[in-house]
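Undergrad: Shown below is the structure under consideration.
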Amino acid sequence: MFSRPAAWNTREHSITSTSQRLSVYDRSLKAPSRRGPSVSRKNKLKSTRMQTEPQPVSQRAKIKDKIITPVVTTTQENKKSDSTAELLGLISYEEHVQAKGKAEEGVPIFVMLPLNTVSAEGVLNDSVHLANSFKKLKEIGVTGVMVDVWWGVVEREPMQYDWRAYQELVEMVHYHDLQMQAVMSFHACGPNVGDVVSIPLPQFIIEAAVADPDIMYADKHGYHNPECLSLWADNVELLGGRTPLQCYADYMSSFREAMLPHIGVGKTIRDICVGCGPCGELRYPSYPENRQSEVTASQWQFPGIGEFLCYDRYSLADLKRTTEEGG
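In the working numbering, the protein residues as written are -4 to 322.
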């Protein structure tokens, strides 16, 4: 039983099902009266309905096909004073700002810099063009840049590190309010897919590979891949007395010392990644592109399946040892 205002001279009646329920507004139109409605009566009913029925809040919700679309309230007071805000799906201005801020943050975008941003001789290439590019990247909302920090560029002599070009680059990135992802690139640039420049491994590593070719990955034809040192050679003592793992550690320690003011949360250098394997990818080499002219070499090319390069004496010794241990 629904109660009605005394001013409504309507007959009481029961509602027995949900489908028969009417809104206050609809019932006032359809409920029969004892007398024929007059003009003044209609006006009186209209006035009564306006007093008793909740009035819509201007610009608060758009109703279309009985679906309420959330609309942002313009002030904090609207959210606090209007208890219907929650029911209508409204959000406060502060919530809108926070949501917009999160949307603007989105996924951080980093743009890879050219492979030869720093030349093989340790010189920053075309700094004017770089500065203009950084300005444009900032304008379109890019978070930062990614750059290869080439082992063959920085450590041209054993334990002598030249970070000047990379320090200049970091300063430029900082000046344009961008961030940097620095990749410790312990591989050569040139022998693989997409390599348009040539940056070899450090000369002392090349000399060590001449003295002991098996510190590089080798295939069954006897070809040794020049891209990176083999994982099986990690603890092999090279010319000069250091192992590859010690060389990597010394290099990264030197990088940290040189770039320390720019490394950390809220600083320019946001991430430090370590490249492993050919192209800096964590994989074994299988399709070196620089060997197609060799008669005795495998002719696999990207994106072919490739072949195993695990025929150097260190990998074969590891296979033999593992097989014996496994029984």
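Ideal Cβ positions, reconstructed from N, Cα and C, are used throughout, including at glycine.
Computed from a prediction, not measured in an experiment: that's the story for all the values here.
Just the C-alpha distance for proline 273 and serine 128, rounded to the nearest angstrom, thanks.
TA: 29 Å
Undergrad: What three-state label does DSSP hand tryptophan 145 in the structure shown?
TA: strand
Undergrad: In three-state terms, what does DSSP make of isoleucine 201?
TA: helix
Undergrad: What's the call for tyrosine 170, buried or exposed, on a 16-neighbour Cβ count within 10 Å?
TA: Under this definition tyrosine 170 is an exposed residue.
Undergrad: Between which two residues does the beta strand (DSSP E) containing phenylalanine 105 stretch?
TA: Annotation: the continuous beta strand (DSSP E) that includes phenylalanine 105 extends over 105 to 107.
Undergrad: Quick one: any contact between the segment 193 to 204 and the segment 156 to 168, if contact means 3 or more CB pairs under 8 Å?
TA: no
Undergrad: To the nearest angstrom, how far is it from the Cα of asparagine 353 to the Cα of valine 148?
TA: Outside the shown range of the chain (-4 to 322) lies residue 353, about which nothing can therefore be said.
Undergrad: Got a sec? Which residues, its chain only, sit under 7 Å from asparagine 111 by beta carbon, not counting five neighbours each side?
TA: Asn120, Val192
Undergrad: Considering only the beta carbon of each residue, do phenylalanine 105 and glutamine 198 sit closer than 8 Å?
TA: no
Undergrad: May I ask which residues mark the beginning and end of the alpha helix (DSSP H) holding leucine 240?
TA: 239 to 254
Undergrad: Mind the definition here: the segment 299 to 306 touches the segment 206 to 219 only if three or more C-beta pairs lie below 8 Å; say whether that holds.
TA: yes
Undergrad: Taking a contact to mean a Cβ-Cβ separation below 8 Å, would you say leucine 226 touches tryptophan 146 in this structure?
TA: no
Undergrad: Glycine 275: buried (16+ other C-beta within 10 angstroms of its C-beta) or exposed?
TA: buried
Undergrad: According to DSSP, is tyrosine 212 part of a helix, a strand, or is it coil?
TA: strand
Undergrad: What does a CB cutoff of less than 6 Å around aspartate 77 pick up in its chain, not counting 5 residues either side in sequence?
TA: Per-residue confidence for aspartate 77 stands at a pLDDT of 43, beneath the threshold of 50, marking its modelled position as unreliable; the derived number appears in the next sentence. Closer than 6 Å at Cβ, skipping near neighbours: no residue.
Undergrad: Note down, in chain order, each residue of its chain lying with its Cβ closer than 6 Å to the Cβ of aspartate 266, except the 5 sequence neighbours on either side.
TA: Gln176
Undergrad: Which of the three DSSP states is assigned to alanine 312 in this structure?
TA: If DSSP states are grouped into helix, strand and coil, alanine 312 belongs with the helices.
Undergrad: Using three-state DSSP, classify serine 281 as helix, strand or coil.
TA: Coil.
Undergrad: Can you find the residues in the same chain that come closer than 6 Å, C-beta to C-beta, to tryptophan 158, ignoring five residues on each side of it along the sequence?
TA: The answer, listed in chain order, is Ala253.
Undergrad: Looking at histidine 182: is its Cβ nearer than 8 Å to the Cβ of glutamate 222?
TA: yes
Undergrad: Helix, strand or coil for histidine 171? Go by DSSP, reduced to three states.
TA: coil
Undergrad: Ordered along the chain, which non-local residues of its own chain (more than five positions away) have a Cβ less than 7 Å from that of glutamate 240?
TA: Sequence check: residue 240 is leucine here, not glutamate. Asp229, Asn230, listed in sequence order.
Undergrad: If you draw a straight line from the alpha carbon of arginine 278 to that of serine 180, how long is it in whole angstroms?
TA: Roughly 14 Å separates the two Cα atoms.
Undergrad: Which class does glutamate 319 belong to by DSSP, given the choice of helix, strand or coil?
TA: helix
Undergrad: Who are aspartate 266's beta bridge partners in DSSP?
TA: Under DSSP, aspartate 266 forms a beta bridge with Gln176.
Undergrad: Would you decide whether glycine 270 is buried or exposed? Buried here means 16 or more other CB atoms lie within 10 Å of its CB.
TA: buried
Undergrad: Any idea if leucine 323 is buried or exposed, counting beta-carbon neighbours within 10 angstroms, 16 or more meaning buried?
TA: The question about residue 323 has no answer here: the residues shown for the chain are numbered -4 through 322.
Undergrad: Look at the Cβ atom of valine 123, then the Cβ atom of alanine 160, and state whether they are nearer than 8 Å.
TA: no
Undergrad: Return helix, strand or coil for proline 273, following the three-state DSSP convention.
TA: helix
Undergrad: Rounded to the nearest angstrom, how far is the Cβ of valine 102 from that of valine 144, given a contact under 8 Å?
TA: Not really, about 24 Å apart at Cβ, beyond 8 Å.
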